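Numbering (full-length UniProt numbering), first residue to last: 1 to 191. Where a beta carbon is used, it is the ideal one built from N, C-alpha and C, also for glycine. Bear in mind the structure is a predicted one, so any value in this text is a computation, not a measurement.
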Ligand SMILES: [Zn+2]
């Protein structure tokens, strides 16, 4: 069975696995947990494209990773570095660096998106062994991931990824301040 660490990870996985009819969006209508030696998280619904019943089952830990994170220190077992990097890039395309340009009512939503995107970037780093600078080629399990790594392995290098993480600290602080009315400068949720 698929092994996920959080609802976010399940959602991202489902979004990357379109129906055989080609419809990418899977608007699941039912979600439930089956208790057991290993808890199972089940998503069910009909494909909005063809009406076919679809179902995803994930083995999940008793303690799920908190919101705005995909998992703990260990790398994902269902998604690869490329899929997380793509998720991160999606965030950078939609979230403006200055929350002041957004209507006040929208800021919390964009802050949530920013936190999720940065969490995805952190997931990419988890595939690099602690003492290594480069991403191992065998971290990639998707076709697109292997191709992206072959074309430009540097985009997955530790230094580059950590640089990107750093580059968002100011934006994160600005959003945190805009949403919570706190003073920028303090790092938001470290997880
Ligand atoms: Zn379908």
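Can you list, in chain order, the residues of its chain with a C-beta nearer than 7 angstroms to that of residue i? Leave out the 5 residues immediately preceding and following it.
i, result
"residue 94", "113"
"residue 137", "149"
"residue 30", "44 and 45"
"residue 168", "118"
Quick check on residue i: does DSSP put it in helix, strand or coil?
i, result
"residue 170", "helix"
"residue 125", "helix"
"residue 53", "strand"
"residue 103", "coil"
"residue 64", "coil"
"residue 40", "strand"
"residue 156", "helix"
"residue 113", "helix"
Grab the span of the alpha helix (DSSP H) containing residue i for me, first residue to last.
i, result
"residue 84", "81–94"
Within the continuous beta strand (DSSP E) that includes residue i, where are the two ends?
i, result
"residue 17", "No beta strand (DSSP E) holds residue 17; DSSP gives it neither H nor E."
"residue 146", "That residue, residue 146, is in no beta strand (DSSP E); its alpha helix (DSSP H) goes 143–151."
"residue 30", "30–34"
Within a Cβ cutoff of 8 angstroms, which residues of the same chain sit near residue i, ignoring the five residues on either side of it in sequence?
i, result
"residue 10", "4, 41, 43, 56, 58 and 60"
Report the CB separation of residue i from residue j in whole angstroms; it is logged as a contact under 8 angstroms.
i, j, result
"residue 120", "residue 134", "Not really, about 20 angstroms apart at Cβ, beyond 8 angstroms."
"residue 8", "residue 86", "In fact, because the Cβ distance is near 15 angstroms, the residues do not count as touching under 8 angstroms."
"residue 71", "residue 6", "6 angstroms"
"residue 99", "residue 110", "7 angstroms"
I'd like to confirm something about residue i: is its beta-carbon nearer than 7 angstroms to some heavy atom of ligand 1, or not?
i, result
"residue 55", "no"
"residue 23", "yes"
"residue 45", "no"
"residue 49", "yes"
"residue 19", "yes"
"residue 52", "yes"
Leaving out five residues before and five after residue i in sequence, what residues of the same chain have Cβ atoms less than 6 angstroms from its Cβ?
i, result
"residue 117", "88 and 91"
"residue 145", "80 and 82"
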